[in-house]
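Counting in the numbering used here, the sequence shown runs from 298 upward without gaps. Every residue, glycine too, gets a C-beta built ideally from N, C-alpha and C. Below is one structure, written out as structure tokens, with a few remarks after it.
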Amino acid sequence: MYGKPVNRLRASRLRDDGGARDTVAMNEPVQPDPSALAEAYRNARYGVSLDGDRFDLRVGARTRDLEAYWPAARYVLLTAWNPRSLPQPAEANRLADDLLRERLRQAGVLHARAWASAEDGAWHEDGWLLGEIAFDEAHALAREFGQAGVLAWTRGEPVRLHMLLPRPPHAPPADWTEWVE
Numbered sequence: 298m299y300g301k302p303v304n305r306l307r308a309s310r311l312r313d314d315g316g317a318r319d320t321v322a323m324n325e326p327v328q329p330d331p332s333a334l335a336e337a338y339r340n341a342r343y344g345v346s347l348d349g350d351r352f353d354l355r356v357g358a359r360t361r362d363l364e365a366y367w368p369a370a371r372y373v374l375l376t377a378w379n380p381r382s383l384p385q386p387a388e389a390n391r392l393a394d395d396l397l398r399e400r401l402r403q404a405g406v407l408h409a410r411a412w413a414s415a416e417d418g419a420w421h422e423d424g425w426l427l428g429e430i431a432f433d434e435a436h437a438l439a440r441e442f443g444q445a446g447v448l449a450w451t452r453g454e455p456v457r458l459h460m461l462l463p464r465p466p467h468a469p470p471a472d473w474t475e476w477v478e
């Protein structure tokens, strides 16, 4: 979903005589820590444009203006960009977004263009605000597109972060965050 990826170099294991064995690719990206992702997602900025009007969203905040303008019982914000929070080429992100949009259209899911960015604006992803979709259906769709989390809320309630990864034992409790396994 939305946050800066963690790229680390994996070191080769060395034999006793100094030679390399079981070498792992040095540039292979490592999946970011789920609790760090959750923190990044909670702090990210989100928004949606409806008929030229912009509505900003934040985890833990209510969305009264958006809900008045675009009524629904449930809302979900998801993206198809950068699966596993690992950067993808622009073309791959565009194709994934097109596929998600087509799936939403075919399923008759109410949707509008949305976006997310890191708090400092350095990381941007396009996505979709969905209305009237069951949370479990949205979770399944997000998982299908390799996403670690979505924003989800019920009309009149604050925006919540639903993390779609197992909660790590070291993850501190966080307001407005649910670990959906």
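Would you say residue i faces chain B, with C-beta separation under 8 Å as the test?
| i | result |
| --- | --- |
| N340 | Here there is only one protein chain, and chain B is not present. |
Kindly indicate which three-state DSSP category residue i falls into: helix, strand or coil?
| i | result |
| --- | --- |
| A337 | helix |
| F432 | helix |
| A404 | helix |
| D350 | strand |
| E475 | strand |
On the criterion of 16 or more Cβ atoms from any shown chain inside 10 Å, does residue i qualify as buried, or is it exposed?
| i | result |
| --- | --- |
| P331 | buried |
| H467 | exposed |
| G424 | buried |
| E478 | exposed |
| H421 | exposed |
| P386 | exposed |
| T474 | buried |
Whole angstroms is fine: what's the gap from residue i's alpha carbon to residue j's?
| i | j | result |
| --- | --- | --- |
| R402 | D394 | 12 Å |
| R391 | V406 | 20 Å |
| G443 | R457 | 19 Å |
| A404 | D362 | 27 Å |
| R381 | A369 | 29 Å |
Sorry if obvious, but does the Cβ on residue i come closer than 7 Å to a heavy atom of the ligand FAD?
| i | result |
| --- | --- |
| T376 | The model depicted lacks the ligand FAD and carries no ligand whatsoever. |
In chain order, what are the residue ranges of uninterrupted beta strand (DSSP E) at least 3 long that sit wholly in the stretch 354-393? Fully enclosed beta strand (DSSP E) runs of 3 or longer: 371-375.
Segments assigned beta strand (DSSP E), at least 3 residues, entirely inside the stretch 407-469: Within the stretch 407-469, the complete beta strand (DSSP E) segments at least 3 residues long are 407-414, 421-428, 446-451, 457-460, listed from N- to C-terminus.
With three or more beta-carbon pairs closer than 8 Å as the criterion, would you say the stretch 355-362 touches the stretch 431-438? Too few Cβ pairs lie closer than 8 Å, so no.
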